[in-house]
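Visitor:
Residue numbers (the working numbering): 578 to 1157.
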């Protein structure tokens, strides 16, 4: 009997810990220590903090439509303690989700009354799969978006203090919940929704009618004060479009449903249908558990925490849809960062269905079947994410190489504007990256190599510039035309392969363009007898405006970070740029 119990515990532990281990493997293999996009906007704040000139408003100022005061403070603290290792922010996100999961388990433990341990474990394991799921890969790989995880954490902790710590006094529970609501309110604008969706939870706390009215009044007052503070100098980058719903209602509805279904499905129409099913299920359970008018309830059902969490997820998804629907449902399909909020709706449904099964004392087999189906979907989604990230990883990893050699990148049209520019991949406004790199170097957080050697005649073969084919005559192009180049590049030592090919012209020791090394090259792999070289090809298209007038020779290089040197690929392309 003890052996059976021991095996059961091992199995449960494995099921609980597997999603976390999968996530850690994913982050270990695919996260890079390089600031990305909005993170570059934080470097002036770091500089002012270092100089002692930072003010509260540096952190309080609006970012997009949000006041990300708390995330800015956390990121700044992490930056100064780690020399801005952005992976520390990713670790912070993981910690937030671990705490969120434990809080959800504690809430479930109190509301399911431990009547059916199997039911409780199934629900908890499904929640674990969702919370740590790889479908949130944009948020997992970008530490800056820790605010999505922190927003979820603050809501769950507020619910936890109100519903799972009934041994504490009512005042203490409400006070602790309010603290997390305040933190969430200044993490994302969605955090202001906490105060509204938690009203039923505040009313559910035991006490006389006068006490409940008093608590609710104070709660609403703090909410109003939070909104007033939020509104101070509130100037979002993009003007909100409050009338978009009346102008294009179906556009918003489709986007809204797609965002709800996004954690489970990655195709537009199936995602919309899935979102509709999830919404319908939530409305059914809301009706089922709140059949009586709210003011006639003599007791508050154990479903209140899950209805609160689900309602927040719905309203949050709707607010996202109002702001993003104009970009179309296809935009939602590639915006995995929005799944983090939508996941809360599915989690609420998991526990609402568990409560329903517990009350009805049947349908357990159906619940188990649904759990198996959902597990299968999450596994398929994870495989899909890993495959996609593997294929796009050269773009992600190239940012690290690009930042290291930023001093050798010319301020050319290609480097500034091309979507294939490794600087543009870090931020569309490349001056932000250059400014940020200077600040990082000034603060002693990064050292950018100088006086690197250019190896024009390497002893080993690093690849070829073979498209167009080498000829004695120059390619003649007009100043307003474009030119296409291609080839293949490898590291012959069999170690980590290059992600970037860098282009120079003449005898210049700086680069006007780059290409990502990620195209299929089975021919190279066959010749070299190694699958390591199966994606060694590259190609690039750039304007003749990036070249000087007259005749010049274009050379291709790879950067060897271990030896800190640039190595030339075989062949050069002669080009003559003429006036149009």
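For every residue, glycine included, the Cβ atom is placed at its ideal position computed from N, Cα and C. In this text, all values refer to a predicted model and were calculated from it rather than measured experimentally.
1) Whose CA, out of 624, 618, 584, lies closest to the CA of residue 1022?
2) Which complete alpha helix (DSSP H) runs does the region 1099-1145 hold, if anything under 4 residues is left out?
3) Among residues of its own chain, excluding the 5 on either side of residue 770, which ones have a beta-carbon nearer than 7 Å to its beta-carbon?
4) Confirm, please, whether the CB-CB distance from residue 1044 to residue 1064 is below 8 Å.
5) Taking Cβ positions, are residue 1066 and residue 1039 nearer each other than 8 Å?
6) Report yes if the CB atom of residue 986 is closer than 8 Å to the CB atom of residue 1087, and no otherwise.
7) Starting from residue 552, follow its DSSP beta bridges and name the residues at the other end.
8) Please classify residue 761: is it buried, with 16 or more other beta-carbons within 10 angstroms of its beta-carbon, or exposed?
9) Give a yes or no on contact between the region 896-914 and the region 828-847, applying the rule of three or more CB pairs nearer than 8 Å.
10) Suppose you measure from the CA of residue 989 to the CA of residue 982; what does that come to, to the nearest Å?
11) Where does residue 967 sit, in a helix, a strand or coil, going by DSSP?
12) Is the region 937-951 close to the region 738-748, with three or more CB pairs under 8 Å?
13) With a cut-off of 8 Å, do at least 3 Cβ pairs link the region 670-680 to the region 714-724?
14) When you compare only the Cα positions, how much space is there between residue 1160 and residue 615?
15) Measuring only the C-alpha atoms, how far is residue 1123 from residue 1132?
16) Is the region 961-976 touching the region 1050-1058, taking contact as three or more C-beta pairs under 8 Å?
17) Bridge partners for residue 990 per DSSP, in chain order?
18) Just to confirm the assignment, what range does the alpha helix (DSSP H) spanning residue 631 have?
19) Straight-line CA distance for residue 841 to residue 976?
20) Assuming residue 883 and residue 925 make a contact with CB atoms under 8 Å, what is their CB distance in whole Å?
21) So, are the CB atoms of residue 886 and residue 921 less than 8 Å apart?
22) Taking the C-alpha atoms as reference points, what is the distance between residue 635 and residue 622?
23) In terms of DSSP beta bridges, what is residue 1077 paired with?
Guide: Straight from the coordinates:
1) 624
2) 1099-1105
3) 889, 892, 893
4) yes
5) yes
6) yes
7) Residue 552 is absent from the structure shown; the chain starts at 578 and stops at 1157.
8) buried
9) yes
10) 15 Å
11) helix
12) no
13) yes
14) No statement about residue 1160 is possible, as the shown extent of the chain runs from 578 to 1157 and does not include it.
15) 14 Å
16) no
17) For residue 990, which the question treats as bridged, DSSP gives no partner whatsoever.
18) Run containing residue 631: none; DSSP gives neither H nor E here.
19) 30 Å
20) 4 Å
21) yes
22) 7 Å
23) 1093
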